[in-house]
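Sequential numbering from 1 applies to the sequence shown in the UniProt record's numbering. Idealized CB from N, CA, C, for every residue including glycine. Treat the numbers as computed from the prediction; the structure is a model and nothing was measured.
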Amino acid sequence: CIRLAAFFIPLLISYPFFKPCKIVWYKWFKWTLSRNGACFIKLGQWLATQTSIVGKDFARILCDLHDSAYVHIMDEKAILGIKGLINVAVKPIGAGCIAQVHKGVWNADGVLQEVAVKIRHPKVYENVVCDLTIIYEAFKILEKLPIIQSILRKEQILVFGKSMMEQIDLRNEAAHMNIFRENFRKERDVSFPRILYCDESTIVESFEPGTSLMQLKEHLDEEAKEKIVFKTLKAFIKMSIVDNFTHGDLHPGNILIRFQLKRANKFWNRFWDVKSIPFFDFCGEMDAMSLPFAKPRLKETLESPKEIETGLEKYPKDYEPCLVILDTGLVTRLEQEQYTNLLLLFYSLILEKNSENAANLILRQAHQGDCPNISHFLVEMPILIDRHLRNGAVPDMTDILGEVVSIVRKSGVVLDDKFLGLLIGYLVLQWVGTDIARGVDVKDVARSVHDEYLCNHKPWIKIIEEKYSQK
């Protein structure tokens, strides 16, 4: 408590004096959160999605918390005690607020392979319990303030605490990873690491090469960017609408990109290099590019920014992007009634384009005990939905979230935490997506999910049948 007071009291007292140069104070606030453990880093990451509350400039600065985390010195002797793990690099290749990741070598029955070793930070359990207690007690003191009432409820603090405790046990993340691998087993352009070993403080998984989406941004043309954003949004909508098992922390830091040869090109690639065809051995030395149908043999996977930029510049039609999704510690699963409402909402927005039905379905996902003005919600929400459904341009998702929160505040409606989590997750991805490639329309992504997955999806078929029987 004394440590936290030493960090936060000067920060809060100084706020009025920093109004002329708020950016400096915002950076100080971000630094303070980053120095005070997992819970405060997660809290900052959550605030980064609340642009209607903290503003766009503050949110962009807080987004850096996805990349800045505490790093501890690894206990090499304990880690190498895991059977099959024969080497682990001392320097981590990534770190989060719960654990850090090292590169290692795994011996699988005499076959060596590169792996990623995720190691939980020491004393993270004790620190998280302490931080959660402080956050909860502080909330009880401040909950009477109107600004706090409009942002947080007691139930949200409890849900946040529960999700933090679940992430501490890395066996939960491994179990989630296996479910995601099963759900996406038929998808060639979305992959997840394969779990080789796990216990409550360590995960050993296949090392998946790739480059961060934000690092690649400057190396790609517009078409490649649009493909990546389209696939990312499509994967998220599939998780929530089709699988009802959604990654709860899907920000750019948890998505790697690599480019792989298209399936047809993978087969023909062996024949493109003329020198590899036995017939041409009789012709002596021959330049492979001297024949019009010949190409040099292409690399099957492009991983680094330089490889990707060079490969796509020469052979843009031969490669397609592949997403590698990491860090599955936090997931969202809706109850059956919530999931049915989500499918009905999808139906109303994409097929019916019925904004009034959509508003009523959103209201179903709310805590309506003390709502003073539900009629305001039912009037304003359809207007907002109609405006963006009919608008051909790609909207600014941060503005939409701001409008939604404004309507929710005025009407007194408190959205369900899981439903709100899905909404925020989607908006974060769309916000990043429009920053990278504004040509992607989420309505096209949703239709693609409908055409590819929902036609044989039993819960969806049941909803369609009920809709038609009502007509």
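Of the residues Val-115, Leu-85 and Val-242, the one whose Cα lies closest to the Cα of Pro-209 is Val-115. Around Asn-87, the same chain offers Gly-104 and Val-105 as residues with beta carbons nearer than 7 angstroms, after the five sequence neighbours per side are excluded. Assigned with DSSP and collapsed to three states, Cys-97 falls in coil, not helix or strand. A straight-line Cα-Cα distance of about 10 angstroms links Phe-207 and Val-101. For Asn-178, there is no enclosing beta strand (DSSP E); the enclosing alpha helix (DSSP H) has its first and last residue at 170 to 183. In its chain, beyond the 5 residues on either side, Asn-341, Leu-344, Leu-345 and Ser-348 have a beta carbon closer than 7 angstroms to the beta carbon of Leu-361. The DSSP-derived three-state label of His-247 is strand. For Ser-355, no beta strand (DSSP E) segment is defined; the enclosing uninterrupted segment is the alpha helix (DSSP H) at 355 to 364. According to the DSSP secondary-structure assignment, Thr-301 is paired through a beta bridge with Gln-260.
When secondary structure is reduced to three states using DSSP, Arg-447 falls in the helix class.
Within 10 angstroms of the beta-carbon of Asn-36 lie 16 or more other beta-carbons, which makes it buried. Under the three-state reduction of DSSP output, Arg-35 falls in the coil class, being neither helix nor strand. Assigned with DSSP and collapsed to three states, Leu-85 falls in strand. For Pro-10, the enclosing alpha helix (DSSP H) begins and ends at 2 to 14. The segment 119 to 134 and the segment 157 to 171 touch, with no fewer than 3 CB-CB distances between them shorter than 8 angstroms. Per DSSP, reduced to three states, the secondary structure at Ile-73 is coil, with no helix or strand assignment. Contact annotation: Glu-226 and Val-440 have beta-carbon atoms nearer than 8 angstroms. Here Ser-212 carries a strand assignment [DSSP, helix/strand/coil].
When beta bridges are read from the DSSP output, Ile-195 appears opposite Glu-205. Put simply, the backbone Cα of Arg-258 is about 7 angstroms away from that of Thr-211. Each of Thr-328, Gln-336 and Ile-383 was checked against the Cα of Lys-353, and the nearest Cα belongs to Ile-383. Beta-bridge annotation (DSSP): Arg-120 is paired with Ala-99. Per DSSP, reduced to three states, the secondary structure at Tyr-339 is helical. Its chain contains Gln-338, Asn-341, Leu-415, Asp-416 and Phe-419 as the residues whose beta carbon lies nearer than 7 angstroms to that of Gln-365, once the 5 sequence neighbours on both sides are disregarded; these appear in chain order.
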